[in-house]
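All remarks here apply to the structure that follows.
2 protein chains.
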Amino acid sequence: MVQNEIIESRIKNAAPFVGCPPDIIQGLLKNAALQNHKKGRLLFIHEDPADRYYFVVKGWVKLFRETLDGTQAVVDILGAGCFLGEKSVFQDGEYGYSAEIAEEAELVSLCTQDLKAELGKSHELALSMLRHMADQNKKQDMEIEHRALQTAPQRIACFLLRLVDQSQKGTVITHLPYDKTLIASRLGMQPETFSRALSKLKQETGIKVRGASVEVESVERLKNYTCQTCSSDFPCRDLLKKSG
Amino acid sequence: MVQNEIIESRIKNAAPFVGCPPDIIQGLLKNAALQNHKKGRLLFIHEDPADRYYFVVKGWVKLFRETLDGTQAVVDILGAGCFLGEKSVFQDGEYGYSAEIAEEAELVSLCTQDLKAELGKSHELALSMLRHMADQNKKQDMEIEHRALQTAPQRIACFLLRLVDQSQKGTVITHLPYDKTLIASRLGMQPETFSRALSKLKQETGIKVRGASVEVESVERLKNYTCQTCSSDFPCRDLLKKSG
DNA sequence: CGAAGAGTTGAAACAGGTCAATCTACGTGG
DNA sequence: CCACGTAGATTGACCTGTTTCAACTCTTCG
């Protein structure tokens, strides 16, 4: 119960619902359920009819699509604070991707019908959903640009920059949030390429890597290495916003 | 006057405004103006404060961003029926890209303040804008996938498929809507690569190209060549929707 | 007729991908 | 407590698609 209240307060302040009247929030949470899932668990499949959408409390969820010839394209890896499947409401009630638990996760499962109903009722909800979608849009835009203009080492550097507090001056230590293979797929490259690109990045920018922990000696140096080939004046500020 | 009415009816039925009450449409068109622009004319620049957004009546507009090191990344090429700059309303009132006339164009210039105001007033407008943004979202998603999984010839084939009526059976003739160099940038490749990839496509799928006109002997064959590496079961059906 | 821009072609360089072998860390069961 | 198996990570050799740079052709339009 107490836990549920904590989660409720987290969801209430999540991007798509921020500033909504309490009765609308209640409507959204009417059929909500807290769930725990093991790694590998498939939440839903691309183009299936969507009845539930999800909020990530803890862990990591992989979003992906599969082509006719069997290749898998990773759309995104979502962590705490993100929504997934919520856009199905605007897409003929079908999921736009498949979702699989990438690291043991705690989720809130919500009902898409409720979302649809409340969206019809509440202008505030529609407006904050619009802001949310616009953010997503910009994020995808940057994704396209990054993949088009940045080399593999640069994309890794960009990923690292988004992990660290960019305002810090001295040496910063971070931890890779999930498997290197998964990061590689998230960045649209092969594990082998990731490994080699990371080595190159060590040489070029003086970062140190041991297992999952990364020591960034100079954030400034990483920025110089990466953000020249990016149209965002301050490194990727818009990519920091939570997504789904 | 008569012309204005025609345009008004076109805008009214454009994706972001479809199904809006007449008084809201009137509010949106309050400060509208019809404009003609020559090729090369810069409409607005990335990150500039956005006061106008646009509807394309005729011609082509190039959306792009420039990186710190001067490279240009083409975001999209928009034709008749598309909006541009309308998402600035949700992005701190700044344009998310630069826009330049790619082929002599006729545009309706509209006021972002009016859009913002009407969005605040009309729930219907907010909902159709949501649908519009969701479509955009999906389109970007497919763009990312295409660039990641398709080779240059495949991306050209995909572009061609979107030009032709896919239901037709026999030989179909289309015309490239704008310069090959521009198509190349739209597809994220160099002009040289485009030229070579098109040659390869001729060999592989039996299409014939003379100048801007393309003769597709078998749409089926093009699909087989391209859509294997795509997660959309029917070729790119969602990319056909109008955008901005 | 000639200049300019679009398009094509060739040769060389490069970034990533692929395949195969090896290495490492870690949890499990003997 | 240690050997083993497995999954993740790395490394090397090779291959392919795309870019780059440069030269050349073609078209178009003044």
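Taken in order, these protein sequences are the chains called A and B.
If you count the first sequence from 1, position 116 lands on 116 in our numbering, and the numbers rise without skipping.
If you count the second sequence from 1, position 215 lands on 1215 in our numbering, and the numbers rise without skipping.
By construction, the Cβ of each residue, glycine as well, lies at the ideal position given by its N, Cα and C atoms.
Exercise for the section: Check whether the Cβ of B:Thr1071 lies closer than 9 Å to any Cβ atom in chain A. Expected result: yes
Practice task
Take B:Arg1155 and list the residues in its own chain whose beta-carbon comes closer than 7 Å to its own, dropping the five residues that flank it on each side.
Solution key: His1146, Leu1187
Exercise for the section: Enumerate in chain order the residues of its own chain whose CB-to-CB distance from A:Leu222 is below 8 Å, with the five nearest sequence positions on each side excluded. Expected result: Ala157, Leu160, Leu161, Thr205, Ile207, Val216
Practice task
Measure the C-alpha to C-alpha separation of A:Val172 and A:Lys62 and round it to an integer number of angstroms.
Solution key: 27 Å
Exercise for the section: Quick one: list the residues of chain A neighbouring B:Glu1143, beta-carbon separation under 7 Å, in chain order. Expected result: Ile144
Problem - B:Arg1186 in three-state terms, based on DSSP - result: helix
Problem - Start and end residues, beta strand (DSSP E) containing A:Glu256 - result: Absent from the model: residue 256 of chain A. The displayed extent of chain A is 1 to 244, so no value can be given.
Exercise for the section: Please list the residues of the region 1013-1043 of chain B that have a C-beta atom closer than 9 Å to any C-beta atom in chain A, keeping them in chain order. Expected result: none
Handout entry: Cross-chain neighbours of A:Lys62 in chain B, by beta carbon under 7 Å
Key = Residues of chain B passing the Cβ test: none, with the nearest at roughly 15 Å.
Handout entry: Proximity to B:Ser1122 [Cα-Cα], best of B:Asp1023, B:Asn1224, B:Ser1231
Key = B:Asp1023
Exercise for the section: Return no unless some Cβ of chain B is closer than 9 Å to the Cβ of A:Ala212. Expected result: no
Exercise for the section: Check B:His1046 in the structure and name its three-state DSSP category. Expected result: coil
Exercise for the section: Would you give the residue range spanned by the alpha helix (DSSP H) that B:Val1219 belongs to? Expected result: 1219-1226
Exercise for the section: In angstroms with no decimal places, state the Cα-to-Cα distance between A:Val214 and A:Thr174. Expected result: 5 Å
Problem - Secondary structure of A:Asn4, DSSP reduced to three states - result: helix
Problem - Selection from B:Leu1176, B:Ser1199, B:Asp1076 that minimises the alpha carbon distance to A:Asp141 - result: B:Asp1076
Problem - Residue from A:Asp48, A:Pro21, A:Leu29 with nearest C-alpha to A:Tyr95 - result: A:Asp48
Handout entry: Whole alpha helix (DSSP H) elements within the region 1132-1198 of chain B, 4-residue minimum
Key = 1152-1163, 1180-1186
Handout entry: Check whether B:Val1057 and B:Ala1105 have beta carbons under 9 Å apart
Key = yes
Practice task
Would you mind stating whether B:Thr1071 and A:Thr226 have Cβ atoms separated by less than 9 Å?
Solution key: no
Exercise for the section: Decide if the region 103-117 of chain A is in contact with the region 1110-1121 of chain B; the criterion is three or more beta carbon pairs, one per stretch, under 8 Å apart. Expected result: no
Handout entry: Short CB-CB distance (under 9 Å) between A:Cys158 and chain B
Key = no
Exercise for the section: Under 6 Å Cβ to Cβ from B:Lys1030, same chain only, skipping five residues before and after it: list those, please. Expected result: Asp1114
Exercise for the section: For A:Phe90, return the contacting residues in chain B, with the cut-off set at a CB-CB distance below 7 Å. Expected result: Leu1130, Arg1131, Ala1134
Problem - Backbone CA spacing between A:Glu66 and B:Tyr1054 [nearest angstrom] - result: 36 Å
Practice task
Excluding the 5 residues preceding and the 5 following A:Ser98 in the sequence, name in chain order all residues of the same chain whose CB lies nearer than 6 Å to its CB.
Solution key: Ile45, His46, Phe64
Handout entry: Range covered by the beta strand (DSSP E) that runs through A:Thr77
Key = Residue identity check: residue 77 of chain A is Ile in the sequence provided, not Thr. That run of the beta strand (DSSP E) goes 72-78.
Exercise for the section: Determine the DSSP secondary structure at B:Arg1010, reduced to helix, strand or coil. Expected result: helix
Practice task
Please list the partners that B:Ala1105 has in chain A, where partner means a Cβ-to-Cβ separation under 7 Å.
Solution key: Within chain A, no residue comes near B:Ala1105; the closest Cβ sits about 23 Å away, beyond 7 Å.
Exercise for the section: Output yes if chain B places a C-beta closer than 9 Å to the C-beta of A:Arg147; else output no. Expected result: yes
Handout entry: Residue range of the alpha helix (DSSP H) that includes B:Gly1059
Key = From DSSP, B:Gly1059 is part of no alpha helix (DSSP H) but of the beta strand (DSSP E) over 1052-1066.
Exercise for the section: Note the first and the last residue of the continuous alpha helix (DSSP H) segment covering B:Gln1026. Expected result: 1022-1029
Problem - Per-residue DSSP class, three states only, for B:Gln1203 - result: helix
Practice task
Compare the C-beta of A:Ala152 with all C-beta atoms of chain B and state if any pair is closer than 9 Å.
Solution key: no
Problem - Residues that DSSP places opposite A:Ser213 in a beta bridge - result: A:His175, A:Arg210
Practice task
Within the same chain, show all residues whose beta-carbon is closer than 6 Å to that of A:Pro191, passing over the 5 residues directly before and after it, in chain order.
Solution key: Thr181, Ala184
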